[in-house]
Every structure is written in C-alpha cells, then in structure tokens.
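As structure tokens, the structure follows; a few thoughts come after it.
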Amino acid sequence: MAASAAAISLLLLATLAIAITAAETAQPLAHAATGGRTTIKDASTNKLVKSLGRFAVAEHNRRLRQGGGSGGNGDPITVRLAFTGVAAAQKQVVSGVAYYLKVIAREHGAGGGGDRPIDAVVVVKAWLKPKSRELVSFMPSPK
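For the sequence shown, position 21 (counting from the first letter as 1) is numbered 36 according to the working numbering, and the numbering increases by one without interruption.
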C-alpha cells in the first residue's frame with residue numbers, strides 16, 4: 016500500500032514538472048506574437064477594410080467641417096476628400112484592433128486633382144455596443 020502511494024506521488028510530481036517545463040517553453044512564443052502587425056493581403060477588395068477606409072475619409076471630412084475648414088483642428092490635410100480605395104492594410108491587436116490603412120482619396124469637388132495616398136489608423140473595439148470605431152491618425156503618405 017505504501018509503495019502504491021509513493022508511486023502515485025512520484026507520478027504526480029513528474030506530471031507537474033513536465034507541465035511547468037512545457038509552460039515555460041511555450042511562454043516566449045506567445046509573447047513574440049502578441050501585438051505584432053499582420054498584413055491584410057486582399058486589402059483592395061476586403062469589405063471590412065474598404066468600409067474602414069470610407070469611415071476614415073468621412074471622419075476626416077467631418078472634423079474638417081467642425082473645425083471650420085481651416086485646418087484649425089490640427090489636421091495636416093486641410094481639404095475635403097472623396098474615398099477612392101485602399102491600397103494596403105495591416106492590423107494589430109491592441110485594446111481592440113488597430114487597422115493601419117493606406118487610403119487612396121482625391122480632393123472633393125470640381126477639379127479635384129489626382130489621387131492622394133493617405134496613411135490612416137482606425138481602432139475598432141467590437142465588444143462595445145454600438146461597435147466603436149475611432150480615427151486615430153490621418154496623415155499624407157510619403158509614398
């Protein structure tokens with residue numbers, strides 16, 4: 016009976032040691048992937064990405080109207096824009112999901128000029144009702 020109890024204790028101890036070792040070796044892998052950006056391959060046709068691109072341009076235009084159109088709200092782009100498409104996108108899990116978009120837009124109205132690339136960051140917090148979207152950044156793209 017004592018030998019059986021000793022064997023069970025030894026077996027439990029070995030199982031615990033294996034579990035701890037497995038947890039320690041898996042932990043660095045989990046931390047390496049957390050918060051990393053991933054490319055969205057079908058950005059130009061992805062419905063969610065295009066919707067977020069439209070939202071970014073509409074939000075830029077709304078802020079511009081509220082600021083009087085003079086760029087007084089700190090926005091470096093001082094003209095209203097019309098959404099054309101999304102050229103590239105990445106996403107990153109943060110407190111929600113941050114979408115890094117290369118939005119293509121042109122100046123709104125007559126003689127709108129050519130397409131302009133814009134770097135926009137939109138954060139989506141899907142657990143909020145209604146779903147929360149926030150335009151964090153909207154800057155001219157260097158390319």
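The beta carbon of each residue, even a glycine, is placed where N, CA and C say it ideally should be.
Best match in the options for proximity to residue i [C-alpha to C-alpha]
i	options	result
V101	G68, I55, M154 and P157	G68
I133	A97, F153 and K62	F153
S156	K56, I119 and F70	I119
D130	N61, T53, S66 and K158	K158
L63	S110, R77 and A103	A103
G50	H123, R78, S147 and S110	S110
Beta-carbon gap between residue i and residue j smaller than 8 Å
i	j	result
V72	F98	yes
V94	Y114	no
R121	L150	no
L116	A141	no
H75	I55	no
Local Cβ density within 10 Å of residue i, reported as buried at 16 or more and exposed below that
i	result
K106	buried
V108	exposed
L143	exposed
TODO: Counting only runs of 3+ residues fully inside the region 70-157, write out the beta strand (DSSP E) ranges in chain order.
DONE: 96-109, 111-122, 130-140 and 147-155
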